[in-house]
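Residue numbers for the sequence shown follow the working numbering, beginning at 11 and rising by one.
Notes follow the structure.
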Amino acid sequence: MTELPRRVLGRTGLDVTTLGYGAMELRSLDDAAAEAILNAVLDAGINFIDTSIDYGRSEELIGRLIAGRRNEYFLASKCGCVPDATGGEHVHTAENIRTGVERSLRLLQTDHLDLVQFHRSITETEFNEHGALAEALRLRDEGKVRFVGVSATLPHMTEQIAIGTFDAFQVPYSALQRDHEDVIAQASEAGAGIIVRGGVARGAPTDWQGRRYYMLASDTMQDRWEAARLDELLTDGMTRMEFMLRFTLSHPHLDTTIVGTKSVEHLASNIEAALKGPLADDLLAEAKRRLADAGSAPESA
11 MTELPRRVLG
21 RTGLDVTTLG
31 YGAMELRSLD
41 DAAAEAILNA
51 VLDAGINFID
61 TSIDYGRSEE
71 LIGRLIAGRR
81 NEYFLASKCG
91 CVPDATGGEH
101 VHTAENIRTG
111 VERSLRLLQT
121 DHLDLVQFHR
131 SITETEFNEH
141 GALAEALRLR
151 DEGKVRFVGV
161 SATLPHMTEQ
171 IAIGTFDAFQ
181 VPYSALQRDH
191 EDVIAQASEA
201 GAGIIVRGGV
211 ARGAPTDWQG
221 RRYYMLASDT
231 MQDRWEAARL
241 DELLTDGMTR
251 MEFMLRFTLS
261 HPHLDTTIVG
271 TKSVEHLASN
281 IEAALKGPLA
291 DDLLAEAKRR
301 LADAGSAPES
311 A
């Protein structure tokens, strides 16, 4: 298999594959299935794995099943989370940041995280009022984490870029959700690494039918795809999934996009699409024109 392209994750200097693995779906797998998909990810050469305290057994499975291959991948997790919280609770205190990171290290069976990311896009005041950001930086200075980032969204992302502390931003972005297209460029030009999540809009079009956009309640992803008449642009056997992934990879400031799957076959199709690289310039331009007409356009930062 051809080696996946790599890009440098901003000022971190980490040489990451443009296709990363989002490990949220591990939480629904048994041990055998989790072992199969994790080893398939590494066997394919994917070298960036993103997980979280919030993802059920994900951290524990990664640690138990592939800690022996730790030198083959960069490992990113989250902080601010509350273990086993049923309502997605997050607490941004120094104590919770340290407790969470040290718990992650135990479960992941590693002595460091390559990247720890605040799992909520909060204000500068919230980062500082209970010492959360300062504690993350102390953990970095102790060598328990190498770099500190944030899972970011507008409107707070511009303020987070201005803080100048975050080494990487994980941002929602896809053809059907272009809100952050311009602010991604702003963060990258400031030196931060860019990790895209949601780059295939959660995968299958069947999922789009009930899935609404970030900050948009009026229509579904399926509605927007159809309004932009994107099926007309699929030629030479291109699937919707391939189009979505390659559209995301076309953003010049993207370093990696994390795509989750629990299927080895689905993983193989993602890799096949990623190896084809960005969309052709004329196809990308026409897609963006149609998407803008259908309401998917960058938001002003």
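The beta carbon of each residue, even a glycine, is placed where N, CA and C say it ideally should be.
Limits of the beta strand (DSSP E) - the one that residue 170 falls within: Element bounds for residue 170: not the beta strand (DSSP E) but the alpha helix (DSSP H), 167-173.
Contact between the stretch 59-78 and the stretch 288-298 (3+ Cβ pairs under 8 angstroms): no
Residue 173 classed as buried or exposed, judged by whether at least 16 other C-beta atoms fall within 10 angstroms: exposed
Closest residue to residue 76 among 108, 129, 93 and 42 (Cα-Cα distance): Taking only the C-alpha atoms, the option nearest residue 76 is 42.
Terminal residues of the alpha helix (DSSP H) in which residue 253 lies: 250-259
Whether residue 257 touches residue 244 by CB criterion (8 angstroms): Not in contact: residue 257 and residue 244 (Cβ atoms no closer than 8 angstroms).
For residue 312, three-class secondary structure by DSSP: No information on residue 312 is available, as it lies outside the stretch 11 to 311 that the chain covers here.
First through last residue of the alpha helix (DSSP H) which encompasses residue 68: That run of the alpha helix (DSSP H) goes 68-76.
The beta strand (DSSP E) enclosing residue 274, as first and last residue numbers: Counting along the chain, residue 274 falls outside any beta strand (DSSP E), though it belongs to the alpha helix (DSSP H) covering 274-285.
Nonlocal neighbours in the same chain, by C-beta distance under 8 angstroms from residue 123, ignoring five residues either side: Excluding residues within five positions, the ones whose Cβ falls inside 8 angstroms are 85, 86, 87, 111, 114, 115, 154, 155 and 156.
Nearest-angstrom Cα separation, counted from residue 31 out to residue 57: 8 angstroms
As assigned by DSSP and simplified to three states, the class of residue 119: coil
Span separating the alpha-carbon of residue 304 from that of residue 191: 16 angstroms
Residues near residue 25 in its chain [Cβ-Cβ closer than 7 angstroms; skip 5 each side]: 16 and 18
Distance, residue 202 Cα to residue 178 Cα: If I take the Cα positions, the gap works out to 5 angstroms.
Whether residue 89 touches residue 126 by CB criterion (8 angstroms): yes
Exposure label - residue 302; buried when at least 16 CB within 10 Å: Per the 10 Å Cβ criterion, exposed.
Inter-residue Cα distance where the pair is residue 51 and residue 38: Residue 51 and residue 38: Cα-Cα distance of roughly 17 angstroms.
Chain-order list of residues whose beta-carbon lies under 7 angstroms from that of residue 5 (same chain, five-residue window excluded): Nothing in the structure corresponds to residue 5, since the chain is present only between 11 and 311.
For residue 85, the first and last residue of its enclosing beta strand (DSSP E): Here the beta strand (DSSP E) through residue 85 covers 84-89.
Per DSSP, the bridge partner or partners of residue 100: Note: residue 100 sits in a beta bridge opposite 91.
Closest by C-alpha distance to residue 184, when choosing among 109, 121 and 235: Ranked by Cα distance from residue 184, the options 109, 121 and 235 are led by 235.
6 angstroms CB neighbourhood of residue 149 in its chain, flanking five on each side removed: Sequence-distant partners of residue 149 (beyond 5 residues in either direction) whose C-beta falls short of 6 angstroms from its own C-beta, in its chain, are 111 and 155.
Local conformation of residue 186 per DSSP, three classes: coil
Short Cβ contact (8 angstroms threshold) for residue 198 with residue 263: yes
Inter-residue spacing [alpha-carbon to alpha-carbon] between residue 147 and residue 106: 14 angstroms
Outcome for residue 182 when other beta-carbon atoms lying within 10 angstroms are tallied against a minimum of 16: buried
Expected contact under 8 angstroms - CB spacing of residue 137 and residue 102 to nearest Å: 7 angstroms
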